[in-house]
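The opening position of the sequence shown corresponds to residue 297 in the working numbering, with each subsequent residue numbered one higher.
Before any comments, here is the structure.
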Amino acid sequence: MRGIGIDITPVERIALLDRTYPERFRCKVLAPLEAPSSPESLAGLWAAKEAVSKALGTGFSEFGPRDIYIGYDLHGAPRVTLMGRAGQVAETRGITQVLVSISHAGGMAVACAVAF
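Pasting the structure below:
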């Protein structure tokens with residue numbers, strides 16, 4: 297294991313940002329092909345990206361949220377793809393895989409990421 301990260305985000309905070317600045321917020325946060333269908337999904341993506349950035353050991357100091365793509369496998373489990381500068385950071389640190397888990401409860405989205 298090379299790193300671990302966790303994040304918890306209020307769904308309403310992300311929903312407010314999305315309502316207030318929809319295009320700007322989504323362009324800053326979402327990678328191409330990411331299209332969350334609800335505020336909960338959007339908050340989950342944000343929490344996952346924050347957790348992954350922490351697991352890589354840099355937070356968002358060396359890359360942005362768009363460099364982390366969160367897709368889903370056939371069973372609905374989230375899968376991480378690192379692109380651009382996030383991929384370079386991972387390679388430099390010897391990280392070849394990042395696993396992430398996302399959950400929602402009580403108006404919060406939480407994610408945990410482990411880098412190997």
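For every residue, glycine included, the Cβ atom is placed at its ideal position computed from N, Cα and C.
Computed from a predicted structure; not experimentally measured.
| Asked | Found |
| --- | --- |
| Proximity below 8 angstroms, CB of ASP303 to CB of ALA347 | yes |
| Cβ contact (3+ pairs, closer than 8 angstroms) linking the stretch 359 to 379 and the stretch 318 to 334 | yes |
| Where ASP303 falls: helix, strand or coil (DSSP) | strand |
| First and last residue of the uninterrupted beta strand (DSSP E) at GLY367 | 364 to 368 |
| Unbroken stretches of the alpha helix (DSSP H), 4 residues or longer, contained in the stretch 355 to 403 | 380 to 388 |
| Residue from VAL406, GLY299, ALA407 and LEU313 whose Cα sits closest to the Cα of LEU352 | GLY299 |
| Assigned secondary structure, ALA331 (DSSP; H/G/I helix, E/B strand, else coil) | coil |
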